[in-house]
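Working notes, structure below.
This is the structure:
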């Protein structure tokens, strides 16, 4: 006879879990007690927030569920950041937590009780509002079966987070030898199958693209999720399309390619937005066309009454959600694009020329400015200079993200990932550590001083686990994006005191430096990228360089009269 906890670890091994991200506490300790006996590593950062982001990033990069574990009250509070990002950003993730219940004392409101009884709080209700599915098993077999289903549902259809809330008694009980009903073989129970579009829908989509004079592909995060990069390129070539991406779709297609036209949306390039608005046919792949990606301030951006829309998505509910679609391709993005590439072909004299014009928006005079403090546009270009196909950039929330979106031109697929599901500050640091642990690539985290401060403990985690991402702090000693929203009045809470991030980095065991000039930044990036120790680069940027002005000179003002 073995305990549920022991069998649960064996189940994780059978499912190919390489590591668990978490923090010991509560009844999760019973699970962690058995990890040393397995081939599974525990990555323990300094809190559950960072662990949750690391698990989400692991799922995003590998396509396999990142596993998060820890005590229920903190997984349901601090640990929600990564779960929210996973839910809205479609990253597979499995949460193994517990309710801190005390058996028959649960109805007497004991300390930290999270089962939902009177006197406690309800962890199930919290997780129900975030995860795709959750389970609260009360017996050993239910626990094993629920864990299998959590892995299945995390990757089935549109990926996302699932959760199992462990019961204190069940996790320590012995697993019965011949239960009814049984728990099936873990690999067999978690097997999934990819959906594919119908031949008729593929034929209709191919016809629409063949007939198009100005076809444009809008590539979203679903291309990342399906790793459908080659298939996307094949469809673009086959039907002679220009290619734009959503924010989360950035780096699904090399932005240096002759067909690339940039990033669309409220914070996108004017060139890319105009290409979409001028198209007569749109092939939307793995993108819901939500308001940030379609620009809620420009109702003429996409016009279903004038444009043919082919919408490919793994979830039938997403196709035609925001804008009515003429053709839906329901299924895995890889399968849909592969079928479409084989179904026809066409050419036009518009796409390559128009894409070349749109790519001009990746640069501006400020990108070459040598002044100090450093222009954020120049900072983005210096980061771009060290990004190659073996480099990953993780971008935080705030102005820093949009400077990168606008001026970092990705040279290859899978070189840029940002906090854009829920868009939380502090995401870039733990995401970078996870990316460094998960891949053999160089990793650069980019955050503002506000976001960096939220999760700067990640630097210590990188040191402890022997990886060396480079942490770039675009520092304007303020909550820059909010500060720049100030009109004639003032917004409280936007100014920070000048933190010595160099000393912070050194205290964690990393290397720190402060730069105020572009050439010094370039040298620091080159050193950090080749080092075996994490580097923190405190980049003093020009706080008067207004991202809002860059955006207002772009799509906000220019699109309104385009079709009048």
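Numbering (full-length UniProt numbering), first residue to last: 1 to 564.
We put the beta carbon where it would ideally sit given N, CA and C, even for glycine.
Sequence-distant residues of its chain with Cβ nearer than 6 Å to residue 494 (five each side left out) = Translated into positions along the chain shown, residue 494 becomes position 494. Closer than 6 Å at Cβ, skipping near neighbours: 478, 479, 482, 483.
Beta-bridge partners of residue 438, as assigned by DSSP = Here residue 438 corresponds to residue number 438 of the chain shown, with the count starting at 1. Answer is none; residue 438 lacks a bridge partner.
Which runs of the alpha helix (DSSP H) fall wholly inside the segment 454 to 497 and span at least 4 residues, in chain order?
-> 457 to 464, 480 to 483
What does DSSP give as the partner residues of residue 122 in its beta bridges?
-> By one-based count along the chain shown, residue 122 stands at place 122. Note: residue 122 sits in a beta bridge opposite 115.
Is the segment 71 to 83 touching the segment 45 to 55, taking contact as three or more C-beta pairs under 8 Å?
-> Verdict: yes, contact present.
Residue ranges of each alpha helix (DSSP H) run of no fewer than 4 residues wholly in the segment 21 to 95, ordered along the chain?
-> Here the runs fully enclosed are 28 to 32, 48 to 62, 72 to 75, 80 to 89.
Do residue 429 and residue 455 come within 8 Å of each other at the CB atom, strictly closer than that value?
-> Along the chain shown, read from residue 1 onward, the residue named residue 455 stands at position 455. Along the chain shown, read from residue 1 onward, the residue named residue 429 stands at position 429. Cβ distance < 8 Å, so residue 455 and residue 429 count as in contact.
Residues bridged to residue 448 [DSSP beta-bridge criterion] = Here residue 448 refers to the residue found at position 448 of the chain shown. Note: residue 448 sits in a beta bridge opposite 474.
Proximal residues to residue 316 (C-beta, below 8 Å), its chain only, five neighbours per side dropped = The residue given as residue 316 occupies position 316 in the chain shown. The beta carbon of residue 316 sits closer than 8 Å to the beta carbons of 328, 330 from its chain, once the five residues preceding and following it are set aside; these are given in chain order.
Would the beta-carbon of residue 226 fall within 8 Å of that of residue 161?
-> On the chain shown, position 226 is the one that residue 226 refers to. On the chain shown, position 161 is the one that residue 161 refers to. Contact flag unset, no.
DSSP bridge partner residues for residue 514 (one or two, in chain order) | As a working note, residue 514 is residue 514 in the chain shown. According to DSSP, residue 514 bridges with 538.
Is there contact between the segment 355 to 362 and the segment 522 to 540, where contact requires at least three CB pairs shorter than 8 Å?
-> no
Determine the direct distance from the alpha carbon of residue 472 to that of residue 538, and round the result to whole angstroms.
-> By one-based count along the chain shown, residue 538 stands at place 538. By one-based count along the chain shown, residue 472 stands at place 472. Taking the straight line joining both Cα atoms gives about 6 Å.
For the alpha helix (DSSP H) that contains residue 244, what are its first and last residues?
-> If you number the chain shown from 1, residue 244 lands on position 244. Counted as a single uninterrupted DSSP element, the stretch harbouring residue 244 is not any alpha helix (DSSP H) but the beta strand (DSSP E) occupying residues 242 to 245.
Spatial neighbours of residue 14 in its chain, beta-carbon cut-off 7 Å, leaving aside the 5 residues before and after | Position 14 of the chain shown, counted from the first residue, corresponds to residue 14. Taken in chain order, the residues that qualify are 186, 187.
Indicate the three-state DSSP secondary structure (helix, strand or coil) for residue 427 in the structure shown.
-> Your numbering for residue 427 matches position 427 in the chain shown. Three-state DSSP puts residue 427 in coil, outside helix and strand.
Closer than 7 Å by C-beta to residue 397: which residues in its own chain qualify, once you throw out the five before and the five after it? Chain order, please.
-> Translated into the one-based positions of the chain shown, residue 397 becomes position 397. Excluding residues within five positions, the ones whose Cβ falls inside 7 Å are 419, 423, 424, 425, 427, 451.
Can you tell me whether DSSP reads residue 239 as helix, strand or coil?
-> Along the chain shown, one-based indexing puts residue 239 at 239. Coil, per DSSP.
For the candidate residues 206, 407, 224, whose alpha-carbon lies nearest to that of residue 271?
-> Numbered from 1 along the chain shown, position 271 holds the residue referred to as residue 271. Looking at the Cα atoms, 407 is the closest of the given residues.
Residue 545 to residue 375 span [Cα, whole Å] = Translated into the one-based positions of the chain shown, residue 545 becomes position 545. Translated into the one-based positions of the chain shown, residue 375 becomes position 375. So the two alpha carbons sit approximately 7 Å from each other.
Measuring alpha carbon to alpha carbon, tell me which of 90, 27, 28 ends up nearest residue 57.
-> Counting from 1 along the chain shown, the entry for residue 57 is found at position 57. Of the candidates 90, 27, 28, the one whose C-alpha sits nearest the C-alpha of residue 57 is 90.
Residue interval of the alpha helix (DSSP H) (run including residue 253) | The residue labelled residue 253 in the question sits at position 253 within the chain shown. Per DSSP, residue 253 belongs to no alpha helix (DSSP H) and is neither H nor E.
Note down, in chain order, each residue of its chain lying with its Cβ closer than 6 Å to the Cβ of residue 522, except the 5 sequence neighbours on either side.
-> If you number the chain shown from 1, residue 522 lands on position 522. Once the five neighbours on either side are set aside, the close Cβ partners of residue 522 are 382.
What number of angstroms, rounded off, separates the C-alpha of residue 132 from the C-alpha of residue 254?
-> By one-based count along the chain shown, residue 132 stands at place 132. By one-based count along the chain shown, residue 254 stands at place 254. Their Cα atoms are separated by approximately 32 Å.
Per-residue burial, residue 268 [other beta carbons within 10 Å of its own, 16 or more giving buried] = The residue labelled residue 268 in the question sits at position 268 within the chain shown. Residue 268 comes out buried.
Indicate the three-state DSSP secondary structure (helix, strand or coil) for residue 417 in the structure shown.
-> Taking the chain shown and counting its residues from 1, one reaches residue 417 at position 417. Of the three classes helix, strand and coil, the one that applies to residue 417 here is strand, per DSSP.
For the alpha helix (DSSP H) holding residue 565, just list the boundary residues, first then last.
-> No answer is possible for residue 565: it lies beyond the span of the chain, which begins at 1 and ends at 564.
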